[in-house]
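Read in the working numbering, the first sequence has 257 at position 164, and its numbers run on one by one without any break.
Contents: one structure, followed by commentary.
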Amino acid sequence: MICYSIGSCALGQLLVAWSDRGICAVGLADTPDQLILSLQANFADHSLQNIDPVDSPYFSTVHRFIEAPSSSPPDLPLDLMGTEFQRRVWRALMEIQPGNTVTYSALAQKIGNPSAVRAVANACGANRIATLVPCHRVVRSDGATGGYRWGSARKQTLLAREATTPDH
DNA sequence: AAGCCCATCCGAA
DNA sequence: TTCGGATGGGCTT
């Protein structure tokens with residue numbers, strides 16, 4: 094069973110989903126329908142239950158974090174559902190500080206698999222937990238921002254917000 | 001087990 | 001600036 098709540102935030106509609114082990118998805122989209130559809134696609138083998146944001150154990154904290162882009166991430170339990178390789182990549186992502194960026198190839202080096210650049214990019218794209226697992230801080234080595242599951246416009250917005258607001 | 005997809009990178013034209 | 005090949009993990013058949 095996976096529960097989820099949806100509400101508005103500065104970047105559009107915000108979805109926070111959680112299992113009994115912690116947050117398993119954070120999504121951004123233009124409409125609630127898009128969020129629900131992708132949630133269903135991602136967790137086709139689970140039953141889903143919509144919860145009012147007011148009654149969610151996580152929604153308000155995640156929402157607050159997204160509204161204050163450069164603050165340090167809240168210490169909430171995450172349910173990282175993926176392969177060993179993906180979890181290695183995701184944990185490395187969580188070490189990137191706000192305002193900093195890393196290239197896909199540097200990230201590949203960091204996890205000790207320097208030639209697996211595209212595999213690392215795929216693992217970033219497989220991340221379902223927006224902003225809490227900061228895959229938006231990974232950019233291409235040619236200076237382009239690269240792709241983003243929730244829209245490259247949002248990736249650029251996130252990076253701009255973190256770059257312009259000091260962390261203390 | 002074999003094929004295809006991919007949010008990359010680098011060198012060559 | 002574009003283009004092709006190398007590349008490795010994940011998913012489907």
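We put the beta carbon where it would ideally sit given N, CA and C, even for glycine.
Return the CA-CA distance between P125 and Q133, expressed in angstroms with no decimal places. 12 angstroms
From N220, A214 and I99, pick the residue whose C-alpha is nearest to that of T238; which is it? A214
Count the other CB atoms, across all protein chains shown, that sit within 10 Å of the CB of V155; report buried if there are 16 or more and exposed otherwise. buried
State the start and end residues of the unbroken alpha helix (DSSP H) segment that holds L141. From DSSP, L141 is part of no alpha helix (DSSP H) but of the beta strand (DSSP E) over L141 to N143.
Does A103 come out as helix, strand or coil in the three-state DSSP assignment? coil
Taking 6 angstroms as the limit between beta carbons, can you name the residues of its chain near R233, skipping five residues before and five after? G239
Taking a contact to mean a Cβ-Cβ separation below 8 angstroms, would you say I159 touches C228 in this structure? no
Could you tell me if V147 is buried or exposed, where buried requires 16 or more neighbouring beta carbons within 10 angstroms of its beta carbon? exposed
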